[in-house]
Amino acid sequence: MDGVETGLQKDFSNTLLLFLVFASKRVIIMDDPYPSPSSGKGASRTLKRGGTTMMRHAQLWLSGIAIAALIAGTSAQTGLVQNGSFETPVSDNAFGRAPATWFAGSTFDGHWYVSQGSIDIKRNPLTPNAYAGEQWVDLNGSPGIGGIYQDVTIPVAGLYTLSFAMNGNYGFNPEITRTMTVSLEGLFSGTFAHNYGDPWIVYSVNITVSTPGTYRLSFVSTTRGTYQDAYGPLVDDVRLELVPEPASLTAIGAGLASLLGLRRRKR
Numbered sequence: 026m027d028g029v030e031t032g033l034q035k036d037f038s039n040t041l042l043l044f045l046v047f048a049s050k051r052v053i054i055m056d057d058p059y060p061s062p063s064s065g066k067g068a069s070r071t072l073k074r075g076g077t078t079m080m081r082h083a084q085l086w087l088s089g090i091a092i093a094a095l096i097a098g099t100s101a102q103t104g105l106v107q108n109g110s111f112e113t114p115v116s117d118n119a120f121g122r123a124p125a126t127w128f129a130g131s132t133f134d135g136h137w138y139v140s141q142g143s144i145d146i147k148r149n150p151l152t153p154n155a156y157a158g159e160q161w162v163d164l165n166g167s168p169g170i171g172g173i174y175q176d177v178t179i180p181v182a183g184l185y186t187l188s189f190a191m192n193g194n195y196g197f198n199p200e201i202t203r204t205m206t207v208s209l210e211g212l213f214s215g216t217f218a219h220n221y222g223d224p225w226i227v228y229s230v231n232i233t234v235s236t237p238g239t240y241r242l243s244f245v246s247t248t249r250g251t252y253q254d255a256y257g258p259l260v261d262d263v264r265l266e267l268v269p270e271p272a273s274l275t276a277i278g279a280g281l282a283s284l285l286g287l288r289r290r291k292r
């Protein structure tokens, strides 16, 4: 997977940490309801109340873990693109050869392949800085009108969101709009543009997948005439994520509401 966490992965990490901290605090409280009894009768009542408290705390803890596991399961299915922010290999910005420039027929990480021409992997502090992480791809290599693709396995049918960040290399001919085509084999194809002076633009499209399987995700430059075709569209932070079903979101919300309700009643 990519070195940059997805939003759902961050949500899961934060949620799990929250519940672990919450559970640890409740365990400490569970050790407290056993004062030295003044009589056997009092001890019996105190122990009973303590046992009930322990059971309630255990229920809270298990509910928290169940919800965290549900979020983890959702997160595990969402990020399907490997090396989506092009962090590997580490580019040395010495274009014309690897690890900065890659030519048709080669793969630069075992996931992304160059489909035509050549592409450049660029690294900060070159401008513009990466949208995510430290690196991004110029689809017009040194030189060559290039393209890249990755075969993505989609495990389940459903609604997916394809998103990516786009910019342009305007070292020469800034008046020329940088354009590229993006496609997910048999499911989607579109042309996207970036104009001089604009920041990174995040494009997002929803795609319905009826049949699980392996689909080719492609980015191909259609930008010509920029000084030996060496200054093209830039791409970064490529994602293909399953959109959670409303039922899953409802279940998570109900679980969290149940936990909050139990805590209020305890107080």
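Using our numbering, the first residue of the sequence shown is number 26, and each one after it goes up by one.
Ideal placement from N, C-alpha and C gives every residue a C-beta, glycine not left out.
Since the model is a prediction, treat every value here as computed from it, not as a measurement.
Environment of residue i [buried if 16+ CB atoms lie within 10 Å]
{"i": "P150", "result": "exposed"}
{"i": "P168", "result": "buried"}
{"i": "R249", "result": "exposed"}
{"i": "T251", "result": "buried"}
{"i": "G121", "result": "exposed"}
{"i": "G166", "result": "buried"}
{"i": "G104", "result": "buried"}
{"i": "F197", "result": "exposed"}
Rounded Cβ spacing between residue i and residue j (contact assumed at less than 8 Å)
{"i": "V230", "j": "L164", "result": "V230 to L164, Cβ: 18 Å. No contact."}
{"i": "A129", "j": "V139", "result": "5 Å"}
{"i": "T247", "j": "T186", "result": "So it is not a contact: roughly 23 Å between Cβ atoms."}
{"i": "P271", "j": "P180", "result": "P271 to P180, Cβ: 20 Å. No contact."}
{"i": "A182", "j": "S235", "result": "6 Å"}
{"i": "L212", "j": "Y195", "result": "Actually they do not touch by this definition, with Cβ atoms about 32 Å apart."}
Per DSSP, cross-strand counterpart(s) of residue i
{"i": "Y185", "result": "I232, L267"}
{"i": "T216", "result": "T206"}
{"i": "D163", "result": "D145, L259"}
{"i": "T178", "result": "T239"}
{"i": "V245", "result": "G172, T206"}
{"i": "G193", "result": "P258"}
{"i": "I226", "result": "M191"}
{"i": "V139", "result": "I173"}
{"i": "F128", "result": "S143"}
Beta-carbon proximity check, residue i vs residue j, cutoff 8 Å
{"i": "Y221", "j": "A190", "result": "no"}
{"i": "D115", "j": "I144", "result": "For clarity, residue 115 is Val in the given sequence; the question names Asp instead. Cβ atoms of V115 and I144: not closer than 8 Å."}
{"i": "T233", "j": "L265", "result": "no"}
{"i": "I170", "j": "G142", "result": "yes"}
{"i": "V268", "j": "V106", "result": "no"}
{"i": "S110", "j": "Q175", "result": "no"}
{"i": "K147", "j": "N192", "result": "no"}
{"i": "V227", "j": "S188", "result": "yes"}
{"i": "H136", "j": "N108", "result": "yes"}
{"i": "T113", "j": "D134", "result": "yes"}
Check: residue i C-beta below 7 Å from any heavy atom of the ligand MG
{"i": "V230", "result": "Judged by which ligands are present, the structure shown has none, so any question about the ligand MG falls away."}
Review point. Does the segment 238-256 come close enough to the segment 201-218 to have 3 or more Cβ pairs within less than 8 Å?
Key: yes
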